[in-house]
Each structure stands twice: as C-alpha cells, then as structure tokens.
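Notes to accompany the following structure.
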Amino acid sequence: MSDNQNLLAEQRRALILDEVRRRGGVRVNELTRKLGVSDMTVRRDLDTLARQGVIEKVHGGAVPVVEASTHEPGFEAKSGLELTAKEDIARAAAALVSPGSAIALSGGTTTYALAQHLLDVPDLTVVTNSVRVADVFHTAQRSSGQAQGAATVVLTGGVRTPSDSLVGPVADQAIAALHFDMLFLGVHGISVEAGLSTPNLAEAETNRRLVHSARRVIVVADHTKWGTVGLSSFAELEQVDTLVTDSGLPPEARAEISEHLRRLVVAGETDLAADL
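Residue numbers (full-length UniProt numbering): 1 to 276.
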C-alpha cells in the first residue's frame with residue numbers, strides 16, 4: 001500500500017472516530033454514504049479502531065468506548081491515533097525552539113513526534129522522563145556519528161508506566177534539581193474544570209515537578225484531548241503558557257481556551273494570540 005493510501009486511511013479513521021464521539025454512535029451504512037467508500041472498507045476501519053480500543057463495535061455500527069478515569073492506554077495503542085494531527089502539532093511546536101535551549105519533554109506520543117522534529121536543532125539540552133523520546137536522540141546520534149551540535153540528553157530514572165514514561169521519587173528528585181527554558185508537555189486530558197490531568201497518580205506528581213521547573217510550559221495535545229479528564233489533575237490551565245493543537249479543535253473550545261491561556265497555536269493556521 002502506498003504512503004498516500006495509508007494517509008487516506010488514517011484520515012478516514014480519524015473522521016469516523018470524530019463522528020462516533022460527536023454523535024455517540026454511527027451505523028455502517030451512514031459512514032459509507034458520508035465517506036463514499038464500500039461497506040467492507042468501513043468495517044475494516046471499525047475493526048482497526050476497535051483494536052486500538054477507542055470504539056466498540058455493535059451490530060450495524062459502532063459506539064464510543066467510555067473509559068474510566070484510571071484507564072491508561074499503552075504507548076503502542078496511543079501511537080496509532082491522530083497521526084496527522086500529531087505530526088502537524090510536532091512541526092509547529094518545533095518552530096518554537098531556539099538553538100542552544102534547555103528544554104524538557106514529557107512522555108507521550110505527541111512529544112515523541114516532536115523529538116523527531118528537533119533532531120536538526122543544534123546544541124539542545126533535552127531533559128526527559130520518556131524512554132521513547134531519549135531513544136529518538138540516541139538512535140539519531142549513533143546512526144550519524146555526529147557529536148558536534150548534537151543534543152545533550154538527560155534521561156531521568158524512575159518507574160516505567162504503560163506509556164513508557166519514568167515516574168516516581170527518583171524521577172521527581174532528578175527533575176526538582178533542574179531548570180529549563182521550555183517544557184513540552186503531553187497530556188491525557190485537558191479541560192477548564194480539571195486543567196491538565198492523567199490517569200496515573202505517580203505520573204501526575206512527576207508532571208507537577210516538570211511544570212514547576214520550567215520557565216515556559218507548552219502543552220502539545222490534539223483536539224481529542226479537550227474535555228477528557230483523568231484521575232489526577234496536576235496543573236491548572238492558567239499555569240500553561242501555550243497550547244499547540246490541531247485544526248480539529250472546535251470553535252467553542254477555542255473560545256474557552258483563549259480565556260485561560262496566553263497563547264493558542266493551531267497547527268497550519270495563524271497564531272490566535274500575541275507572542276509571549
């Protein structure tokens with residue numbers, strides 16, 4: 001299958017997922033008419049989304065999965081979701097980073113995508129509690145053999161979560177002793193009421209330390225994270241300097257966010273607020 005076909009399938013599944021979540025359920029025949037594809041194609045898409053754990057198939061269609069606030073999907077399950085949005089967000093977020101900066105990247109699939117866009121930014125110091133993010137830089141340095149201008153990567157210790165983040169007292173102590181210019185933070189959920197949240201209690205505490213050690217906090221989150229609430233809140237929206245998201249964020253959410261954040265960056269669109 002070509003890259004273009006893969007992209008089309010990814011976009012189609014994103015549309016299906018949005019439709020399921022927005023309407024609370026859809027039927028196969030409605031999706032075939034809306035998308036202009038065959039029943040078989042829609043059913044394959046539903047099978048894929050069901051394997052990723054984001055919908056539940058029912059007779060003749062699909063309904064959204066209602067997740068408990070303690071449910072934490074693994075890295076592989078999350079990595080297949082909203083791929084285009086994450087790439088757009090990563091590209092926009094990378095443009096905020098200057099050479100020679102000290103930055104921190106939390107765990108998550110969006111920060112993982114961001115790490116790959118930062119490989120060409122020289123002389124970075126990168127603090128991360130993500131095994132996956134650290135691997136991006138280490139793999140690139142080993143394959144290129146380049147030392148000059150390569151990022152210095154500080155990987156915290158800690159206990160590994162299902163999303164391949166390192167959390168707990170060891171990670172917290174390491175982060176508390178550091179200070180960085182910018183923190184790029186992936187989140188499980190973001191809302192006006194709960195702020196930033198995660199289903200993992202230990203990860204919430206580690207994220208609090210990251211926020212406290214950063215001069216600027218930049219949340220990187222696709223539109224599906226808006227309105228999601230995990231078990232533990234670790235920061236209020238007012239503690240966030242910038243939210244970088246994708247164009248799927250609805251107008252009402254943008255209006256709410258603009259009341260609480262200094263800057264909203266929608267990837268592929270004009271920056272919606274003045275520079276900090």
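Glycine included, every Cβ here is placed at the ideal spot set by N, Cα and C.
Near residue i, what residues of its chain come up, given a Cβ to Cβ distance below 8 Å and the 5 sequence neighbours on each side ignored?
i    : result
R13  : D45, T48, L49
G25  : V58, G61, A62, V63, P64
R208 : F234, A235
A77  : Confidence in A77 is poor, its pLDDT being 48 and thus under 50, which makes the residue's placement unreliable; the coordinate value appears in the next sentence. Around A77: Q52, G53.
L124 : V97, P99, G100, S101, A102, I103, L118, A151, T152
N129 : S106, G107, L155, T156, G158, S165, L166, V167, A171, I175, T206, L210
A267 : A85, D88, I89, R91, A92, V244, T245, D246, S247
E269 : S247
E10  : L83, T84
H138 : V153
So who's on the other strand from residue i, going by DSSP bridges?
i    : result
K57  : A62
I89  : Partner(s): none; I89 has no beta bridge.
I190 : L196, W226
R215 : Beta-bridge pairing links R215 to no other residue.
S233 : S197
T111 : Answer is none; T111 lacks a bridge partner.
M182 : I103, R216
R263 : T242
R27  : G61
L166 : R160
Do the CB positions of residue i and residue j come within less than 8 Å of each other?
i    : j    : result
V167 : V127 : no
L114 : A95  : no
A85  : D172 : no
V244 : V265 : yes
S213 : H179 : yes
S197 : G107 : no
I55  : L17  : yes
F184 : V220 : yes
L35  : L15  : yes
I218 : T242 : yes
In its own chain, which residues sit with a C-beta less than 7 Å from the C-beta of residue i, not counting the 5 before and 5 after it?
i    : result
A150 : Q141
T32  : S38, D39, V42
E203 : T161, S165, V167
L237 : V192, G195, H260, L261
G189 : S197, K225, T228, V229, G230
T111 : L105, S130, V133, F184, G186, V220
Tell me which residues share the same chain as residue i and place their Cβ nearer than 6 Å to its Cβ, disregarding the 5 neighbours each side in the sequence.
i    : result
G248 : H223
Between the segment 180 to 199 and the segment 215 to 230, do three or more beta carbon pairs fall short of 8 Å? yes
Can you list, in chain order, the stretches of the alpha helix (DSSP H) that have 4 or more residues and sit fully within the segment 123 to 162? 131 to 144
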